Amino acid sequence: MEIAQIVGLALVTTIMLLILRQEKPVLAVLLSIVFSIIIFTLMMGKMASILNVMRELTRRAEVNYFFFATILKILGVAYLAEFAVAICQDAGEQAVAKKVEFASKIIIAVLALPIMIAILESLMQLMPG
Amino acid sequence: MAVLAGMVKNVLVIIILASFLEVLLPEGRVKPFVRFAIGLFIIIAVLNPVLNALFEEREFEINLWDYQVSSEQEREILEKGNRLNQQIAASTGTGIKEKIEGQVSAVAMLVPGVKEVKTNASLNDQGGLNQLNLTVRLEESKQLQKGGEVNVFLGGGDAPDTEDKKQIEEKIRGVISNLYGFDNLKISVQFEGG
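So the sequences go chain by chain: A and B.
As numbered in this note's numbering, residues 59 to 187 make up the first sequence, in order.
As numbered in this note's numbering, residues 3 to 196 make up the second sequence, in order.
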């Protein structure tokens with residue numbers, strides 16, 4: 059029961075955070091970061107197995123792997139950004155959180171931009187004149 | 003009909019994958035951006051087969067984003083690549099072999115007591131060195147002292163004995179190994195006349 063371990067860890071961390079926030083706010087932020095990293099590491103293996111199954115499915119369906127790879131990159135950027143934003147917001151640094159969010163949006167746009175241009179170019183070619 | 007079937011299959015798989023990925027999406031302000039990117043891929047999956055069916059003679063930029071290589075094509079490309087690789091290795095291998103043989107002979111001739119060296123290098127498929135065979139002719143008028151120094155006797159003429167040959171062989175091996183970083187086992191030294 060992995061979820062029981064995670065819930066237990068989350069409860070302990072929350073209680074410790076409640077105490078630390080009043081006594082030592084800096085340590086509270088550090089604890090929050092450590093907890094995020096632990097959860098991320100624990101879920102990494104499971105995430106990899108999901109991705110392997112999906113990769114196998116795309117291969118069997120003979121769907122262009124490029125689609126899948128780019129979507130996964132975008133998903134990775136989104137997840138990492140969300141983690142960072144949550145940590146920054148926990149620390150009360152709203153401005154930094156906004157910047158991380160902005161950067162992630164730009165990176166996702168950069169990844170999607172060539173595809174958008176290709177679609178637009180193709181549509182423009184179809185237009186008469 | 004086959005085009006339509008392929009298109010439906012492609013779109014179906016992409017939509018199922020996209021729906022599943024959307025479940026995995028993190029909740030936040032980035033979510034609409036990710037959904038937009040996934041939407042672009044769905045547009046390509048729909049638009050590409052339609053454009054190909056309607057305008058067979060025209061090349062659209064969008065085709066490049068849906069370029070697929072079948073397993074048979076992939077195998078063919080890999081085979082061609084391997085053949086090219088072997089051709090390149092074979093053509094450069096001859097030149098490399100001759101240069102290495104010349105260099106090794108020249109270096110081995112610097113060892114005191116050695117008059118002439120013929121080198122035969124054998125290369126593997128990748129162009130790497132497998133073995134070096136050196137045939138050494140010794141100077142008859144030179145004799146090695148036990149300390150390893152060379153004395154020249156103009157009027158001498160004694161042929162080097164087995165110990166001298168062993169010393170020369172070790173020196174040649176050492177010089178070549180240190181210079182090129184070869185393993186000692188790859189170098190075989192033979193003396194002319196036994």
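Note that CB positions come from ideal geometry on N, CA and C, so glycine has one too.
Quick caveat, the model's predicted, so the values are computed rather than measured.
Asked	Found
Taking 8 Å as the threshold, find out whether the region 123-135 of chain A comes into contact with the region 164-177 of chain A through three or more Cβ pairs.	yes
With H, G and I counted as helix, E and B as strand and the rest as coil, what does DSSP make of A/Val135?	helix
Between the beta-carbon of A/Phe125 and the beta-carbon of B/Ile16, is there less than 9 Å?	yes
Given this structure, state the Cα-to-Cα distance separating B/Ala55 from A/Ser107, to the nearest angstrom.	37 Å
Let me see if you follow: with CB-CB separation under 9 Å, is B/Lys99 close to chain A or not?	no
Suppose contacts are defined by Cβ-Cβ distances below 9 Å. Is B/Pro28 in contact with A/Glu179 by that definition?	no
Give the range of the beta strand (DSSP E) segment to which B/Val119 is assigned.	116-125
Could you tell me which of A/Gly150, A/Ile64, A/Phe160, A/Lys157 sits nearest to A/Val84, measuring between CA atoms?	A/Gly150
Does B/Leu115 pass the burial test, meaning 16 or more other C-beta atoms within 10 Å, or should it be called exposed?	Sequence check: residue 115 of chain B is Gly here, not Leu. Its Cβ being crowded by 16 or more others within 10 Å, B/Gly115 is buried.
Compare the C-beta of B/Leu42 against all C-beta atoms of chain A and say whether one is closer than 9 Å.	yes
Determine the contact status of A/Thr116 and A/Phe93, defining contact as a CB-CB distance below 9 Å.	no
Can you list, in chain order, the residues of its chain whose CB lies under 7 Å from that of A/Asp148, leaving out five sequence neighbours each side?	Val87, Ser90
Mind pulling the chain B residues with CB within less than 7 Å of A/Phe93?	In chain order: nothing, as chain B lies at least about 17 Å away.
On a CA-only basis, which of B/Asp166, B/Thr96, B/Glu118, B/Ala110 is nearest B/Ile178? Give me that one, please.	B/Ala110
State the DSSP-derived secondary structure class of B/Phe193, mapped to helix, strand or coil.	strand
So with Cβ pairs under 9 Å, would you call B/Val15 a contact of chain A?	yes
Would you verify that the beta carbon of B/Leu80 is, or is not, closer than 9 Å to some beta carbon of chain A?	no
Can you tell me the Cβ-Cβ gap for B/Leu140 and B/Val119, rounded? I've got them flagged as a contact below 8 Å.	No, B/Leu140 and B/Val119 are not in contact; Cβ-Cβ is about 10 Å, not under 8 Å.
Closer than 8 Å between beta carbons: that is the criterion. Which residues of the region 15-36 of chain B meet it against chain A?	Val15, Ile16, Leu19, Ala20, Phe22, Leu23, Leu26, Leu27, Pro28, Glu29, Gly30, Arg31, Val32, Lys33, Phe35, Val36
Between which two residues does the beta strand (DSSP E) harbouring B/Leu1 extend?	The structure shown does not extend to residue 1 of chain B, since chain B is modelled only from 3 to 196, so the question has no answer here.
Measure how close the beta-carbons of B/Gln192 and B/Val138 come, nearest whole angstrom, since I'm counting them as under 8 Å.	7 Å
For A/Ile145, I'd like the list of residues in its chain whose CB is within less than 7 Å of its CB, leaving aside the five on either flank, ordered along the chain.	Ser90, Ile91, Ser94
Just verifying my parser: in three-state terms, what is the DSSP assignment at B/Val32?	coil
Tell me the rounded alpha-carbon separation between B/Val25 and B/Val36.	12 Å
So is A/Val154 in contact with chain B if we call contact Cβ pairs under 9 Å?	no
Three-state secondary structure (DSSP) at B/Leu27?	coil
For A/Phe98, report the span of its alpha helix (DSSP H) as first-last.	83-118
Shortest alpha-carbon distance to B/Asp166 belongs to which of B/Tyr182, B/Leu181, B/Glu142?	B/Glu142
Helix or strand or just coil, what does DSSP make of B/Phe43?	helix
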